[in-house]
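In our numbering, the protein residues as written are 267 to 1317.
Just so it is clear, CB atoms sit at the ideal spot from N, CA and C, and this is done for glycine as well.
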């Protein structure tokens, strides 16, 4: 029977069913189509705000407000060698003006976090896999540290840093991002900097303040050492020098713990979380107050245990990666969902950036935002200073990208007269930091250029009331102070040295960075590149030989395994670690060579950079940083010398070589000088140079041939290595251009000189129909290098640079007709080269042959018409010869220092004084006289010394303890002569005192080894006292003892 209430009930069930079905449908839809939905929505929003930006005009009421969201330390470029910086640091510490702070360098990626609203950032970008992984690892760090309290502490932490406008910078170390020196055992972060960004210039926390902050919030800290005395600082540098070729984490930390004034272990043990392969140490000067502040922090903030270590945790990074390794977007989504809403309440930075990726890299967008930001009036002092920075970099055309994005956190506040953006200041070339730092010297109020530099921008129209308020803000000077503390000059306030270890450099700079050369140019080129790099590091000959053998095996192994498919540098450890482990397992020497091999972590399980390749803005491969070389006063006269010419035909190298050969006295020493003219040598010229070097090892060879590029320079380096010679490049002096080390003025003179030649041996003279083309070909070989880059590379390779005067400084500008003719020829050459490459070395055939003929004719006419000018601007040749000879005689060559790591400390004595002592003894003892006649000591005794401590016998710290007395004069008392048929030594005891401390040897029997028979090691001299008791050696007392003075040195 039908009842009305039944109908009502059915309607209710029906609508309830529809409601539930719709809810389920939309839930499924949004989960299943997460990316597509968000992309569509974001793209629509993006198009709307793009239109608003296009219609936004800048007028007198337009203001900009800039807020720094993240910044890392400025990159201070040391313009002096490490040795000079060391000396300055020791001097400052000795005077009590500063303290040396040393920290471990963990191998990972820069990650910066400013809160859920402030944002998460990687080195030069945001909203990517790096920041998603960083946020996840940071969130998991709280889970491990706080256990059941983790969610509460996460919320408090994020509220605190948002309220105080702070940025926490960390080293993010994981197995799933780019490979460095070793696949880490765990995924973790270490706090490296904390910055307050509230008002004015960013304020960086001191290390004691960082430790206090981190211990309060239970964040991971780095291992820190402080050195406040001259003795401790010199011991530190000596310890590094002893470990630089074989240092691993445990060895380094143990040595530094023993010589430091204060050692503060990190909350993350590098050995446990990353491994034994240590990238290096960062040593920098800090204020004197650091020592007291550190002691106070250690008292007030004792380390706390990670109470959540055994707490139930969500899936780990590696587990999440393993489940989503084929889908980058899904991996990011899973990481962000897992970390929770305290750290990631929304996905705007990631999804907004993904949706607008093609737009965000639009140069027009960047330029539009940048120009409006600079045209608008600054709303406060910070904005004014940032505008000053950006304007300077833009006007000077620094290699910097100003990448602008819409700020999706503010998207609901965007209207036609109020718009929000994010700006990434991405420095594309490290030389920019150096150039910018020079500008700061002339403009003391200029703010530093930070690494990891992110700014939120608000461009808007303001009413009259706010205009008055902004005027007051701009005139404020809060945070402008740049005074240095303790009376340090600005250049001393930021002294910093990065000290890396060979076991790390082997993996990164030789194996990883060499992959491109190995697969593109072959094994021989790869080995040449490795040897050249090791030569720059100045490692010991023994270590270099061993590494060459190992790297040769690696090259063959990986080429065979990968074939023509190059191994990715992002994932190289998947192959390198198994190879190194197998290599190290053969002998203890092999294991010592590679430092550590094998891992509990299976590297091949984490060989990503996630599918899709490395992030283009984060995948910048680490390169060895170079510092200007240390120079010494004069070139060595006991080895051969190659003088070569990175120049262009017409630079007068042959005429210069003739003058040097014909002048009396050569180059000021007894070495014979001879020349090899390239135009007269048949066959391979540089092979002939190598042959001549072998025949005359102590001679000076003038390589009269243009040496225009890296391929030739590598050959010269190889010849120097094989024949034990130095090399000096002689280059025509020129201002150069931004893309070529030679200016157009120089090129014009070179061509003019060639056109005035007759009967040239190389058949390049006025009778040659295409002189212009040939010289443009040489000119193009230098293309892409500025003058500074050109000179820097030569100095780094050869340690010296001689400049051959070319043009007068007081010359008038070059006539426009000459300039335009040369520019026309350069453009024609580029067209020709794109079409034909090199048909042959002197070819102007092809579709541009008529244009070449016309240009060559025009060139000759133009230069002939301006002959008077071209002659007048050249420096007199007599002066050129005089200057070049003077520079070569006193050539400032690189100070190579010692070769390899420190092995022992010793007092070195004069060989002539020792021989004089023995001669006096022989006059009184026939046995000594007979021994001296047969021992040939005069030719074999070169550097007699008393060993004080040896790394293998006494340990690194024992050797390093003599660091404070380096180069000091020490008195030695010689008391006994012991000798047998095969061995001889003098018993010698240090009796000197330096700074009130007596210098003594750690050897049981201090002595000077005089000689050993062929095949017997010097260490065998330790057995002489025992041989005397056995009647197998003679002991002769020297009475009274003889006192000699020696110099304490490291070997």
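Quick one: any contact between the stretch 326-344 and the stretch 517-526, if contact means 3 or more CB pairs under 8 Å?
no
Alpha carbon to alpha carbon, how far is residue 1083 from residue 1114? Give it in angstroms, no decimals.
22 Å
Cβ-Cβ distance between residue 1145 and residue 1071 below 8 Å
yes
Please report the distance separating the alpha-carbon of residue 1169 from that of residue 1223.
12 Å
What beta strand (DSSP E) runs, 3 residues minimum, are completely inside the stretch 482-543?
490-493 and 528-530
Please report the straight-line C-alpha distance between residue 450 and residue 442, rounded to a whole angstrom.
10 Å
Proximal residues to residue 1269 (C-beta, below 7 Å), its chain only, five neighbours per side dropped
1213
Cβ-Cβ distance between residue 532 and residue 767 below 8 Å
no
For residue 1305, which three-state DSSP category applies?
strand
Length of the line joining the Cα atoms of residue 348 and residue 1167:
15 Å
Three Cβ pairs or more, each shorter than 8 Å: is that satisfied between the stretch 1186-1201 and the stretch 471-490?
no
Of all the beta strand (DSSP E) runs that stay within the bounds of the stretch 967-1034, which reach a length of 3 or more residues?
991-998
By the DSSP assignment, the alpha helix (DSSP H) with residue 1185 in it spans what residues?
1177-1188
Take residue 560 as the anchor and find which of 1011, 481 and 609 has the nearest alpha-carbon.
481
Work out the CA separation of residue 654 and residue 467 for me, nearest whole Å.
13 Å
Three-state class that DSSP yields for residue 551 in the structure shown
strand
Determine, using beta-carbon pairs with one atom in the stretch 500-519 and one in the stretch 455-469, whether at least three such pairs fall under 8 Å.
no
With burial defined as no fewer than 16 other Cβ atoms inside 10 Å of the residue's Cβ, what is the status of residue 633: buried or exposed?
exposed
Under DSSP, the alpha helix (DSSP H) around residue 678 begins and ends at which residues?
From DSSP, residue 678 is part of no alpha helix (DSSP H); its letter is neither H nor E.
Would you kindly work out how many angstroms separate the C-alpha atoms of residue 946 and residue 996, rounded to a whole number?
21 Å
Which runs of the beta strand (DSSP E) spanning at least 3 residues fall entirely within the stretch 333-392, listed in chain order?
365-371 and 375-379
How would you label residue 854, buried or exposed, when you count the other beta carbons within 10 angstroms and need 16 or more for buried?
exposed
Whole beta strand (DSSP E) runs in the stretch 905-931 with 3 or more residues, listed along the chain?
906-911
Nearest-angstrom Cα separation, counted from residue 718 out to residue 566
32 Å
Looking at the secondary structure, which residues open and close the alpha helix (DSSP H) in which residue 815 lies?
807-828
Give the range of the alpha helix (DSSP H) segment to which residue 410 is assigned.
395-412
Report the partner residues of residue 668 according to the DSSP bridge assignment.
691
Can you give the beta carbon distance from residue 1254 to residue 1238, rounded, assuming they're within the 8 Å contact cut?
5 Å
Can you tell which of 1262, 393, 1081 and 350 has the C-alpha that lies nearest to the C-alpha of residue 601?
393
Return the chain-ordered list of same chain residues with a C-beta closer than 7 Å to the C-beta of residue 563, the five sequence neighbours on each side being excluded.
474, 477 and 478
Excluding the five sequence neighbours on either side, which residues of its own chain have a C-beta within less than 6 Å of the C-beta of residue 812, listed in chain order?
859
Does DSSP put residue 1171 in a helix, a strand or coil?
strand
Residue of 1118, 1051 and 700 minimising C-alpha distance to residue 659
700
Near residue 798, which residues of its chain fall below 7 Å by C-beta distance, leaving aside the five closest residues on each side in sequence?
980 and 983
8 Å contact criterion, which residue 1252 and residue 1286 should meet: CB distance rounded:
That pair is no contact at about 15 Å.
Span separating the alpha-carbon of residue 500 from that of residue 641
53 Å
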